[in-house]
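Asks: Count the sequence shown with this note's numbering and you get residues 486 to 733, in order.
The C-beta atom is built at its ideal place from N, Cα and C for all residues, glycine as well.
Quick one: this structure, given as C-alpha cells, is what I'll be asking you about.
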Amino acid sequence: MPSVRNPLRFALATSSRVAHFVEFLFRRSDASRDIYPDDPAHGTVAGSSPRRVVFLGEPGEISLGVRTHEISLPAFFSRRFAAITARGVAWSICPLPNSQLDEAPKAIAGIADDLPTTDLVVIMVGICDTLRVIGAGAWERQLRDMLDALMRSLPDSARIVIADIPPLDNAGSLSRAARVAAGAQGALLNRHTRLVAREYDAVTVVDFPVELTNSLWLPEGVEERYSHTYRVWGAHLAEAAADVTPVT
486 MPSVRNPLRF ALATSSRVAH FVEFLFRRSD ASRDIYPDDP AHGTVAGSSP
536 RRVVFLGEPG EISLGVRTHE ISLPAFFSRR FAAITARGVA WSICPLPNSQ
586 LDEAPKAIAG IADDLPTTDL VVIMVGICDT LRVIGAGAWE RQLRDMLDAL
636 MRSLPDSARI VIADIPPLDN AGSLSRAARV AAGAQGALLN RHTRLVAREY
686 DAVTVVDFPV ELTNSLWLPE GVEERYSHTY RVWGAHLAEA AADVTPVT
C-alpha cells in the first residue's frame, strides 16, 4: 500500500489552490491587511494567585485573522481557565517564527528565565509540519527535543498541554485530494504525539473540538470567523487543562 507521504507530497505539489492556501494562512494579509494582531502578545485575567500560562506554537494556530490578542486563542483560553479554577491568569505567547517544530528549543531558550515560575505550557504546533510532510520519526524526535527543553526549566508542578493538529481534511481551501492526504498525515502525527506524551507524566494531549469539525473551514478576511474558532478551541483546551492542573 502506498504511504501517506507520497500522496500528500503529490497533492501539495500539484494543487495551485493548496499553494494559495498555505501562502494565505501563513504569509499574506487578508482583505483587512491586518491578519495578525500587533498589540502586546500577553495579558492577564484578574483573580487571586494568578497562574502563569505560556502558549508555544505557530502564530497561525494562535492569533491568525484577529486585530487584537484580546480575541486570540490564549485570551479566550485564559478567561475560561480562570472561570473554572477561580484563580487569575497571566498569559503570554512564545511564537515559532517559521511555524516549525524544530524551532521550539531555540524559542524555549529565549524564555528560559520565565519558565521556573510558569504553571502551564500550551503547545500548538503541526499544521505547517503536516503540509511540509515531516516524517513520523522526525516529528517524534523534535517533540522530545521540545519537551526535554521545557522540562529542564519548568517546576515539577507544571503541566504541559499539547493540542492536536486540526483535521486538515476539513480545510475547504484545499483541493479534495490534498484535504484527504493532509488529513491522513495530520492524524498520523497526532498518533505519534500521543506515543511521545506517554513518556512524560506532566504532558497531556487534547483532541480538537468536535464542534469545529462539522463543516468545511474556509480562510476568509472575516474576524468573527477566526474569533469564534479561538473561543471554542480555547475553551475546550482550558477545560482539559483544568482537569490536569494541580489545585494548589
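Between which two residues does the alpha helix (DSSP H) carrying Phe566 extend?
Replies: Leu558 to Thr570
Asks: Could you pull out every residue in the same chain whose Cβ sits closer than 7 Å to the Cβ of Arg629, ignoring the five residues on either side in sequence?
Replies: Sequence-distant Cβ neighbours of Arg629 in its own chain, meaning closer than 7 Å and more than five residues away, are Val681.
Asks: Considering only residues of the region 581–624, which uninterrupted alpha helix (DSSP H) runs meet the minimum length of 4 residues and lie entirely inside it, listed in chain order?
Replies: 589–595 and 612–616
Asks: Measure the CB-CB distance between Leu632 and Tyr685 and report whether it falls below 8 Å.
Replies: yes
Asks: Hey, how far is the Cα of Thr698 from the Cα of Pro652?
Replies: Whole-angstrom Cα-Cα distance: 7 Å.
Asks: Helix, strand or coil for Ser577? Go by DSSP, reduced to three states.
Replies: strand
Asks: Which term fits Ser533, buried or exposed, when burial requires 16 or more other beta carbons within 10 angstroms of its beta carbon?
Replies: exposed
Asks: Return the CA-CA distance between Arg513 and Asp523, expressed in angstroms with no decimal places.
Replies: Residue placement at Arg513 is poorly supported in this model, since its pLDDT is 33, which falls under 50; the coordinates still yield a value, given next. One C-alpha to the other measures close to 15 Å.
Asks: Any chance you could list the beta strand (DSSP E) runs of at least 3 consecutive residues sitting entirely within the region 640–720, in chain order?
Replies: Listed in chain order, the beta strand (DSSP E) elements of length 3 or more contained wholly in the region 640–720 are 644–648 and 688–691.
Asks: Just grab the DSSP bridge partners of Leu632 for me.
Replies: Note: Leu632 sits in no beta bridge, so no partner.
Asks: Take Ile569 and list the residues in its own chain whose beta-carbon comes closer than 7 Å to its own, dropping the five residues that flank it on each side.
Replies: Ala723, Glu724 and Ala727
Asks: Rounded C-beta distance between Leu586 and Val610? I'm assuming under 8 Å.
Replies: 5 Å
Asks: If you check the beta carbons only, do Val539 and Val606 fall under 8 Å apart?
Replies: yes
Asks: From this set, Val691, Gly671 and Pro525, which residue's C-alpha is nearest Ile556's C-alpha?
Replies: Pro525
Asks: Whole angstroms are fine: how far does the CA of Ala663 sit from the CA of Ile593?
Replies: 32 Å
Asks: Leaving out the 5 sequence neighbours to the left and right, which residues in its chain are closer than 6 Å to His527 when beta-carbon positions are compared?
Replies: Sequence-distant Cβ neighbours of His527 in its own chain, meaning closer than 6 Å and more than five residues away, are Ser577.
Asks: Can you find a heavy atom of the ligand GTP that lies under 7 Å from the Cβ of Cys579?
Replies: Annotation note on the ligand GTP: not contained in the displayed structure, which lists no ligands.
Asks: Whole angstroms is fine: what's the gap from Val717's alpha carbon to Pro694's?
Replies: 7 Å
Asks: From this set, Leu581, Ile645 and Ser638, which residue's C-alpha is nearest Asp614's C-alpha?
Replies: Leu581
Asks: What span of residues does the beta strand (DSSP E) with Gly545 cover, start to end?
Replies: Run containing Gly545: none in the beta strand (DSSP E); it sits in the alpha helix (DSSP H), Pro544 to Ile547.
Asks: What is the residue span of the beta strand (DSSP E) that Val732 lies within?
Replies: Careful: Val732 lies outside any beta strand (DSSP E) and carries neither H nor E.
Asks: Which partner residues does Leu541 have in the DSSP bridge list?
Replies: Cys579 and Ile608
Asks: Is the beta carbon of Leu616 sitting closer than 8 Å to the one on Ala669?
Replies: no
Asks: Closest to Ile645 by C-alpha separation, out of Ala597, Val551 and Ala687, would be which residue?
Replies: Ala687
Asks: Out of Pro544, Asn675 and Ile647, state which residue places its alpha-carbon closest to the alpha-carbon of Gly622.
Replies: Asn675
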